[in-house]
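J.: If you read the protein sequences in the order shown, they are chains A and B. Per the working numbering, the first sequence runs over residues 392 to 533. Per the working numbering, the second sequence runs over residues 121 to 609. First, the structure itself, so that you have it in front of you.
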Amino acid sequence: MAESVNGRILVAEDNKVLGDVLRFNLERSGFHVTLARTGDAAAKLLAGESYDLMFTDIEMPGMNGVDLCRYLRFELGNSDLPVAICSARGLEVDEQEMRTKYGVSEIIFKPFSMRELVALASRLLNSSAATEKQPLDASTAE
Amino acid sequence: MLPQPSESLTMSKAKSALSLAYRLCGQHLLFATIGLLSFVGIVAMLGDPTARVDLLFLALLVPVSLFLAGSFFIKRSVDSVSQVERQLVSFSAPDLSIETLRSIPESTPLANGWNQLVSKAQQQEVWNGVERRLSETINAQQVKRLEAIFQQLPDGVVLCDERGIIIECNSAFHNLVGNTESNALVGQSLLESIKPIVQYPKALDALEQMLHGPANQVCELRLSDRIEEGVWRVSMKRASQETLGQGATVWSLRDVTQSQLAEQAREQFVATATHELRTPLANIRAYAETLATATDIQVDQQLDFFNIINNEATRLARFVDELLNVSQMEAGAITVQTHEIYSDRLLTELVEQQRPLSVDKGQRLELLVPPKIPRIRGDKDKLAGAVSNLIGNAIKYTPNGGTVKVRVEYDPSQIYIHVEDTGFGISKEDLERLGSKFYRSSDERVQNLSGNGLGLAFAQEVARLHGGRLTIRSEINVGSCFTLELPTG
Chain A
392 MAESVNGRIL
402 VAEDNKVLGD
412 VLRFNLERSG
422 FHVTLARTGD
432 AAAKLLAGES
442 YDLMFTDIEM
452 PGMNGVDLCR
462 YLRFELGNSD
472 LPVAICSARG
482 LEVDEQEMRT
492 KYGVSEIIFK
502 PFSMRELVAL
512 ASRLLNSSAA
522 TEKQPLDAST
532 AE
Chain B
121 MLPQPSESLT
131 MSKAKSALSL
141 AYRLCGQHLL
151 FATIGLLSFV
161 GIVAMLGDPT
171 ARVDLLFLAL
181 LVPVSLFLAG
191 SFFIKRSVDS
201 VSQVERQLVS
211 FSAPDLSIET
221 LRSIPESTPL
231 ANGWNQLVSK
241 AQQQEVWNGV
251 ERRLSETINA
261 QQVKRLEAIF
271 QQLPDGVVLC
281 DERGIIIECN
291 SAFHNLVGNT
301 ESNALVGQSL
311 LESIKPIVQY
321 PKALDALEQM
331 LHGPANQVCE
341 LRLSDRIEEG
351 VWRVSMKRAS
361 QETLGQGATV
371 WSLRDVTQSQ
381 LAEQAREQFV
391 ATATHELRTP
401 LANIRAYAET
411 LATATDIQVD
421 QQLDFFNIIN
431 NEATRLARFV
441 DELLNVSQME
451 AGAITVQTHE
461 IYSDRLLTEL
471 VEQQRPLSVD
481 KGQRLELLVP
491 PKIPRIRGDK
501 DKLAGAVSNL
511 IGNAIKYTPN
521 GGTVKVRVEY
531 DPSQIYIHVE
541 DTGFGISKED
551 LERLGSKFYR
561 SSDERVQNLS
571 GNGLGLAFAQ
581 EVARLHGGRL
591 TIRSEINVGS
601 CFTLELPTG
């Protein structure tokens, strides 16, 4: 199922050890993964490249996950890219705000399972592919 | 007043009235009879033509003198009574005191009775005066005591009228608003008096709302967007007693900055601790799950993954140890096991342990130990933990390419372990709070690095337990020097 999507995923994670294992598992499932070690690096990549899904940590030095979402949605004006965030803190993320203001699709908390993560990535990529297809189908029908 | 005097007053009045009536009647009768007889004698003499004119004159003189003598005696009899009457009449005026009563300088029973009455009444009056003065003194003392309590209260207390103008405030309030002149604030509005130290316009709005709001309110007032600048707990009660005035409000203001800071540090700690626990756990789980599911991984990579799990588990264990140490410190239950320690060997070990970290950051890590340093007596594990924290911090908070130096000095009684760096440096305000548990500098460069705010608190406590101390010198953007002073043993 996952192999069929072959989406491009941008992973922003400052913890080197965790970033590596995320990349390892996502790539094994057939996704194309770009790993950014800081929020600023991720922002640069977002401005230059196009992705199908962004997965970002909240706690990062410099530009953090919330800043990154703000940059993506309001400065780059990209409202389509599905975003999932992961956080090590159960306290400081305002889930409601992340979902409504920044259009975050999923929030998962560390420690999370790799299987869960891969499933989440597949689901988000599939659903965004479906919503992209819908208007296409409508236009061809007319 | 006692009932006795009034009783004796009526009694003596009745007695003297009775005997006076008899006396007056008797005297009247006596003189009237003599006068009548002399008048009859004169009339008889006038009938006698032989009577001489000079005798006739004498006969006229007798009744006249008798009349005068009678008047004199009667006046004497009623003299004391009329004095008493005069005094009683004047005493009936409402504002006259007992002191206006005078004794009568005579020795008639009436005068004696009256004098006794007056002296008793005056005596009573003297006692009343003493009693009054005593209670006045006692009241004044109570007022003074209440005033002293009011001024000594640690909380600022303010009484305002219905428009919010200060009627009364204590010295704690003066201190809160930084005003040193006593009573300079009376007559000012409460909002105006607070305004100079408030940097947060919302704070004044909140007070204004309280002033016009319900009768009983409590709020936490932040003077600025930084907690360090001050947080007050303000409670307001609209006065119900008439004595304080219609619509008057009583305010009590307490500086809760310290407890707010402690609370903030605690919250920060919970957040940090959660982060510190979840991060290695996330890694362990991710790698273990990967190893369990991906069976086709190369052996080399498997080994790498196992090593990572091991490292993360170690990191987790270390954090749990630190947490435990701190909670033991908090409970005062930390124990020091004393052994002789060769500090040069220990320091070499510790520096080498941390070297990989400094190599990663391209830093120079130096150890300078003079020959023949004295041994120290102490708990090797705890001292190692404290020094490790200091070296680890120095590496962490020094930018890439910097220098960290561990330098030892000694004199006959003390050994000084300096950990110097060319790092971020510590601001003056951070220095004051640095050793307190969970506190981390608000410097953005520090906030961007993970840390739990326990390391220095631990090092400080270890130094204290060994009879030494931890001192910190620092200059922002130049570097810091942490010195562990320990007695030699």
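All C-beta atoms, glycine included, are put in the ideal place defined by N, C-alpha and C.
Considering residue 231(B), what are the terminal residues of the beta strand (DSSP E) in which it resides?
T.: Here residue 231(B) belongs to no beta strand (DSSP E); instead the alpha helix (DSSP H) covers 229 to 272.
J.: Measure the alpha-carbon distance for residue 494(A) versus residue 306(B) and round it to whole angstroms.
T.: Answer to the nearest angstrom: the Cα atoms are 55 Å apart.
J.: Check whether the Cβ atoms of residue 577(B) and residue 604(B) lie closer than 7 Å to each other.
T.: Taking 7 Å as the Cβ cut-off, residue 577(B) and residue 604(B) do not qualify as a contacting pair.
J.: Closer than 9 Å, Cβ to Cβ, to anything on chain B: give me those residues from the stretch 407 to 424 of chain A, in chain order.
T.: From the stretch 407 to 424 of chain A, only 408, 409, 411, 412, 413, 415, 416, 419 have a Cβ closer than 9 Å to chain B.
J.: Please decide whether residue 454(A) counts as near chain B, where near means a Cβ-Cβ distance under 7 Å.
T.: No, residue 454(A) lies away from the interface with chain B (no Cβ there is under 7 Å from its Cβ).
J.: Can you find the residues in the same chain that come closer than 7 Å, C-beta to C-beta, to residue 432(B), ignoring five residues on each side of it along the sequence?
T.: The answer, listed in chain order, is 400, 403, 404.
J.: Is the Cβ of residue 505(A) closer than 7 Å to any Cβ of chain B?
T.: For residue 505(A), the answer is yes, since a Cβ of chain B falls inside 7 Å of its Cβ.
J.: Any C-beta of chain A sitting closer than 7 Å to the C-beta of residue 442(B)?
T.: Not an interface residue.
J.: Does DSSP classify residue 196(B) as helix, strand or coil?
T.: Helix.
J.: In three-state DSSP terms, what is residue 365(B)?
T.: Coil at residue 365(B), not helix or strand.
J.: CB residue 353(B) to CB residue 340(B), shorter than 7 Å?
T.: It is a contact, given that the beta carbons lie within the stated cut-off.
J.: State yes or no: is the C-beta of residue 475(A) within less than 7 Å of the C-beta of residue 496(A)?
T.: Yes, these two residues count as a Cβ contact at 7 Å.
J.: At 3 residues or longer, and completely inside the stretch 466 to 509 of chain B: list those beta strand (DSSP E) runs for me, N to C.
T.: Here the runs fully enclosed are 484 to 488, 496 to 498.
J.: I'd like the list of long-range same chain contacts for residue 182(B), defined as Cβ closer than 6 Å, with 5 residues on each side in sequence excluded.
T.: For residue 182(B), where only same-chain residues beyond five positions count, the Cβ hits under 6 Å are 158.
J.: Tell me the residue span of the beta strand (DSSP E) that contains residue 445(A).
T.: 444 to 448 is the span of the beta strand (DSSP E), which, as asked, contains residue 445(A).
J.: How far does the beta strand (DSSP E) with residue 534(B) in it extend, from its first residue to its last?
T.: Taken as a continuous stretch (DSSP letters only), the beta strand (DSSP E) holding residue 534(B) covers 534 to 541.
J.: Residues of the stretch 393 to 405 of chain B with a CB closer than 7 Å to any CB of chain A: list them in chain order, please.
T.: Residues 394, 395, 398, 399, 401, 402, 403, 405.
J.: Sort 366(B), 190(B), 256(B), 265(B) by Cα distance to residue 283(B) and report the nearest one.
T.: The residue with the shortest Cα to Cα distance from residue 283(B) is 366(B).
J.: Return helix, strand or coil for residue 297(B), following the three-state DSSP convention.
T.: Residue state, collapsed to three classes: coil.
J.: Would you check if the distance between the CB atom of residue 484(A) and the CB atom of residue 449(A) is smaller than 7 Å?
T.: Against a cut-off of 7 Å, the Cβ pair of residue 449(A) and residue 484(A) comes out as a contact.
J.: Work out the CA separation of residue 540(B) and residue 525(B) for me, nearest whole Å.
T.: If you take the alpha carbons of residue 525(B) and residue 540(B), they lie about 5 Å apart.
J.: On a Cα-Cα basis, can you pick out the residue from 326(B), 347(B), 240(B) that is closest to residue 338(B)?
T.: Looking at the Cα atoms, 326(B) is the closest of the given residues.
J.: Which chain A residues are close to residue 432(B), counting only those with a beta carbon under 9 Å from its beta carbon?
T.: Result: 408.
J.: By Cβ distance below 6 Å, which residues in the same chain neighbour residue 502(B) in space, the five residues on each side in sequence not counted?
T.: Excluding sequence neighbours, residue 502(B) sits near 582.
J.: Among 317(B), 309(B), 319(B), which one has its Cα closest to the Cα of residue 328(B)?
T.: The residue with the shortest Cα to Cα distance from residue 328(B) is 309(B).
J.: So residue 472(B) and residue 495(B) are supposed to be a Cβ contact under 8 Å. How far apart are they, rounded?
T.: So it is not a contact: roughly 20 Å between Cβ atoms.
J.: Is the separation between the beta-carbon of residue 398(A) and that of residue 426(A) shorter than 7 Å?
T.: Taking 7 Å as the Cβ cut-off, residue 398(A) and residue 426(A) do not qualify as a contacting pair.
J.: Do residue 453(A) and residue 429(A) have their beta-carbon atoms positioned less than 7 Å apart in this structure?
T.: In contact: residue 429(A) and residue 453(A) (Cβ atoms closer than 7 Å).
J.: Which residue or residues does DSSP assign as beta-bridge partners of residue 425(A)?
T.: Answer is 401(A), bridged to residue 425(A).
J.: To the nearest angstrom, report how far apart residue 348(B) and residue 560(B) are at their CA atoms.
T.: So the alpha carbons of these two residues sit roughly 14 Å apart.
J.: Under 7 Å, do residue 462(A) and residue 479(A) count as touching if we go by C-beta distance?
T.: It is not a contact, given that the beta carbons lie outside the stated cut-off.
J.: For a quick check, are the C-beta atoms of residue 497(B) and residue 588(B) less than 7 Å apart?
T.: No, the pair does not count as a contact, with Cβ atoms beyond the cut-off.
J.: Would you please verify whether the beta carbon of residue 591(B) is less than 7 Å from any beta carbon of chain A?
T.: Output row for residue 591(B): interface = no.
J.: Please list, in chain order, all residues of the same chain as residue 464(B) whose beta carbon is under 7 Å from its beta carbon, the five residues on each side excluded.
T.: The answer, listed in chain order, is 489, 493.
J.: Using 8 Å as the threshold, is the stretch 287 to 297 of chain B in touch with the stretch 263 to 274 of chain B, meaning 3 or more CB pairs across them?
T.: Touching, yes.
J.: Need the endpoints of the beta strand (DSSP E) that residue 530(B) sits in, please.
T.: It spans 523 to 530 - the beta strand (DSSP E) in which residue 530(B) sits, taken as one unbroken run.
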